[in-house]
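As given, the protein sequences belong to chains A and B, one line each in that order.
Counting in numbering that gives the first Met the number 0, the first sequence runs from 0 upward without gaps.
Counting in numbering that gives the first Met the number 0, the second sequence runs from 0 upward without gaps.
Glycine included, C-beta positions come from ideal geometry on N, C-alpha and C.
Note that the coordinates shown come from a computational prediction; the quantities given were computed from them, not determined experimentally.
Here's the structure, in structure tokens; my notes come after.
Number of protein chains: 2
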Amino acid sequence: MPELAYLNGKILPIEEATVPIEDRGYQFGDAVYEFIASYSGRMFRVNEHLARLQRSMDALEFPKVSLKEIEAGLSELFNQAGFDRAGIYIQISRGVAPRNHPFPADSKAQVVMTIRGLNEIPDEILEKGATVITLKDFRWGRCDIKTVQLLPNAMAKQKALDAGAYDCIFVTDRGIVREGTSSNAFIISGGVAVTHPLTPNILPGVTRSIIIDICARKDIAVEERFYSIDELYAADEVFLTGTTTEVMPIVRVDSYQIADGRVGQYAKLLYRALRQEAESG
Amino acid sequence: MPELAYLNGKILPIEEATVPIEDRGYQFGDAVYEFIASYSGRMFRVNEHLARLQRSMDALEFPKVSLKEIEAGLSELFNQAGFDRAGIYIQISRGVAPRNHPFPADSKAQVVMTIRGLNEIPDEILEKGATVITLKDFRWGRCDIKTVQLLPNAMAKQKALDAGAYDCIFVTDRGIVREGTSSNAFIISGGVAVTHPLTPNILPGVTRSIIIDICARKDIAVEERFYSIDELYAADEVFLTGTTTEVMPIVRVDSYQIADGRVGQYAKLLYRALRQEAESG
Chain A
0 MPELAYLNGK ILPIEEATVP IEDRGYQFGD AVYEFIASYS GRMFRVNEHL ARLQRSMDAL
60 EFPKVSLKEI EAGLSELFNQ AGFDRAGIYI QISRGVAPRN HPFPADSKAQ VVMTIRGLNE
120 IPDEILEKGA TVITLKDFRW GRCDIKTVQL LPNAMAKQKA LDAGAYDCIF VTDRGIVREG
180 TSSNAFIISG GVAVTHPLTP NILPGVTRSI IIDICARKDI AVEERFYSID ELYAADEVFL
240 TGTTTEVMPI VRVDSYQIAD GRVGQYAKLL YRALRQEAES G
Chain B
0 MPELAYLNGK ILPIEEATVP IEDRGYQFGD AVYEFIASYS GRMFRVNEHL ARLQRSMDAL
60 EFPKVSLKEI EAGLSELFNQ AGFDRAGIYI QISRGVAPRN HPFPADSKAQ VVMTIRGLNE
120 IPDEILEKGA TVITLKDFRW GRCDIKTVQL LPNAMAKQKA LDAGAYDCIF VTDRGIVREG
180 TSSNAFIISG GVAVTHPLTP NILPGVTRSI IIDICARKDI AVEERFYSID ELYAADEVFL
240 TGTTTEVMPI VRVDSYQIAD GRVGQYAKLL YRALRQEAES G
């Protein structure tokens, strides 16, 4: 099955897909994106991802883009590639214009997608859990818009790997826990699932929202509120959620072991429920 | 005289220069840049710009790039285009790799340049001054690295234009004045030139540094220190500095007229001194 790209309506090999150097995505990071996973030959939660894509474009006053066309392109790409388990990346930039900070008056949004097979999270991580470090949140103030302003995320992820950890969780100067580099963060404390509320400082995660729904159905109380790094260290469980992260159990944060250092029951239960939902479409 | 691009060693028309969609500059804003101006057929302060470019690449642990090659490409591009007064944009990205947050182990930095004629700042602005608005600084925490994480700058510039102003000055939550969207900010207060110190939150501007040197030669005291939005409003003079901004007098900030609302003597003197230095190479 081939890895493929979609470029403004055309499907071609990823290596052959190029954009002009004056695409504002390249010169200003003036682009938004989504990442969609498929399970058993079906893309999961396409509507939610496309709705967030539209929200991101609206927040940045992008030129109008037809979501119908995006959806059609997405289907065509997915069908041509033929993966059962795939990751589809969609990026839309404001367009191409001679370099100048203000939004160009009449640019045309550029639509790029790629599709590749998606590896499952190794069993070992699901069974033994992963470790994270924390870093001061040094990202920009609009992390609720899913843009390619991702250099701090890349730097933090690299720092985590260099430290032998799986990922990094961003924490503010005042000790408020935000989220991971490409995931939302949850803790379980006294049987309650706690996660950062939706503000301009975190991504409104599609998986975050699914997990909250699953909790409601399973009578697990959820609190969307600020919580501190001390609460994080002292939590009964910690996990990250995201489209590729799914429900990733975290058993160590910085130098602190979480509870008994083993993957918790809530993380296991929520992972299974998420997978069930994903596999059943 | 043609507008031209330079792409990894090759000179070609700007419209024909493209980069792969998986260039990390496009997908992560993982790229650094410089903008160099020429006066009377000579590029101004090339060494300072290239030194800062190297500093940016070092800060981000980029793959090694030969500055000698960059310098040779820059000269060739400049000579082929043949502008007396030009703006040369240089962008270097970490390279091309399948999308993944961590730094790829073996990517090759991509080097892109463009050259275009540069318009002089209209006389009217130099004579009557410009207006700015202030906005909460919502950029990331490493504005000292000159990267393409520029979406907040573009958004702020657009907001300023929408408000009928020339630019926006970023101010922190606590009222500390940072800088413009593509320039540093100075005030004159009681005969002293005050500007934000070099921290991770502002760009170490080449023109900022030239202006500080000129002040020293002209016995104008300079204080590199934090100053507040109240000091900004109450200043005797306000001006922005930058490669294309040169010394831009600001006569109104938000709803406040600066002093008597006319372009001040310091801004005029420093503008003339900068131009003299630039024109004489």
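Residue span of the beta strand (DSSP E) that contains residue i, given as start and end
i	result
A:Asp-57	Element bounds for A:Asp-57: not the beta strand (DSSP E) but the alpha helix (DSSP H), 45 to 58.
B:Pro-12	9 to 12
B:Gln-90	85 to 92
B:Leu-6	3 to 6
A:Pro-248	245 to 252
B:Asn-183	183 to 188
B:Glu-222	221 to 223
B:Lys-135	129 to 135
A:Glu-33	30 to 38
A:Gly-241	236 to 241
Cβ-heavy atom distance, residue i to the ligand GDP, below 7 Å
i	result
B:Lys-217	The ligand GDP is not part of the structure shown, which contains no ligands of any sort.
Classification of residue i by the beta-carbon crowding that lies within 10 angstroms, buried from 16 upward
i	result
B:Ser-74	exposed
B:Gln-256	exposed
A:Ala-71	exposed
A:Leu-59	buried
B:Ala-284	Because chain B spans 0 through 280 in this model, residue 284 of chain B falls outside it and cannot be assessed.
B:Pro-199	exposed
B:Ser-279	exposed
A:Asn-152	buried
B:Asn-183	buried
B:Gly-179	buried
Closer than 8 Å to chain B by CB, residue i
i	result
A:Lys-67	no
A:Phe-77	no
A:Thr-180	yes
A:Glu-14	yes
A:Ala-277	no
A:Phe-82	no
A:Val-110	no
For residue i, the nearest candidate out of the options (CA to CA)
i	options	result
A:Gly-260	A:Ser-92, A:Glu-278, A:Gly-190, A:Thr-130	A:Thr-130
B:Asp-229	B:Thr-171, B:Arg-84, B:Ile-91	B:Thr-171
B:Ile-35	B:Asp-57, B:Pro-101, B:Thr-243, B:Ile-249	B:Thr-243
A:Phe-238	A:Leu-3, A:Glu-33, A:Ser-181	A:Ser-181
B:Thr-206	B:Leu-6, B:Arg-51, B:Gly-263, B:Arg-138	B:Arg-51
B:Glu-33	B:Val-147, B:Val-262, B:Arg-271	B:Val-147
A:Asp-350	A:Glu-245, A:Gly-28, A:Ile-201	With chain A covering 0 to 280 only, the question about residue 350 of chain A has no answer from this structure.
B:Ala-30	B:Glu-47, B:Glu-126, B:Pro-62	B:Pro-62
B:Leu-197	B:Ala-215, B:Gly-140, B:Gly-81, B:Tyr-232	B:Gly-140
B:Asn-78	B:Glu-126, B:Glu-2, B:Ala-108, B:Ile-132	B:Glu-2
B:Val-64	B:Ile-120, B:Asn-7, B:Asp-161	B:Asn-7
A:Ala-80	A:Val-111, A:Arg-115, A:Tyr-88, A:Asn-99	A:Arg-115
A:Tyr-25	B:Asn-99, B:Met-112, B:Tyr-265	B:Met-112
A:His-48	A:Ala-266, A:Pro-203, A:Arg-224	A:Pro-203
B:Arg-93	B:Asp-22, B:Gly-241, B:Val-191	B:Asp-22
A:Ser-55	A:Ala-96, A:Gly-128, A:Asp-83, A:Ile-89	A:Ile-89
A:Tyr-232	A:Ala-220, A:Val-250, A:Leu-273, A:Gln-53	A:Val-250
B:Val-110	B:Ala-85, B:Arg-98, B:Ile-91, B:Ser-254	B:Ile-91
B:Ala-85	B:Ala-108, B:Met-42, B:Leu-66, B:Phe-27	B:Met-42
A:Asp-253	A:Ala-162, A:Gly-40, A:Lys-127, A:Asp-212	A:Ala-162
8 Å Cβ cutoff, residue i in contact with chain C
i	result
A:Asp-218	Absent from the structure: chain C. Protein chains present are A and B.
Short CB-CB distance (under 8 Å) between residue i and chain A
i	result
B:Gln-148	yes
B:Gln-281	One cannot answer for residue 281 of chain B here, as it falls past the ends of chain B, which runs 0 to 280.
B:Lys-156	yes
B:Ala-153	yes
B:Pro-196	no
B:Tyr-25	yes
B:Tyr-232	no
B:Val-18	yes
B:Phe-169	no
B:Asp-212	no
Boundaries of the alpha helix (DSSP H) in which residue i is found, first to last residue
i	result
B:Leu-268	264 to 278
A:Cys-214	205 to 216
A:Asp-229	228 to 232
A:Ile-302	The structure shown does not extend to residue 302 of chain A, since chain A is modelled only from 0 through 280, so no value can be given for it.
A:Arg-23	23 to 27
B:Ile-201	Run containing B:Ile-201: none; DSSP gives neither H nor E here.
B:Pro-151	150 to 161
Nearest-angstrom beta carbon gap, residue j and residue i [assumed within contact, 8 Å]
i	j	result
B:Asp-187	B:Gly-263	For clarity, residue 187 of chain B is Ile in the given sequence; the question names Asp instead. With a Cβ gap of about 6 Å, B:Ile-187 and B:Gly-263 count as contacting.
B:Ile-201	B:Arg-177	6 Å
A:Ala-4	B:Ile-20	6 Å
A:Ala-215	A:Gly-190	About 14 Å; that fails the 8 Å criterion.
B:Ser-106	B:Gly-174	That belief does not hold up - the Cβ atoms of B:Ser-106 and B:Gly-174 are roughly 42 Å apart, past 8 Å.
A:Leu-273	A:Ile-213	7 Å
A:Val-18	B:Thr-17	6 Å
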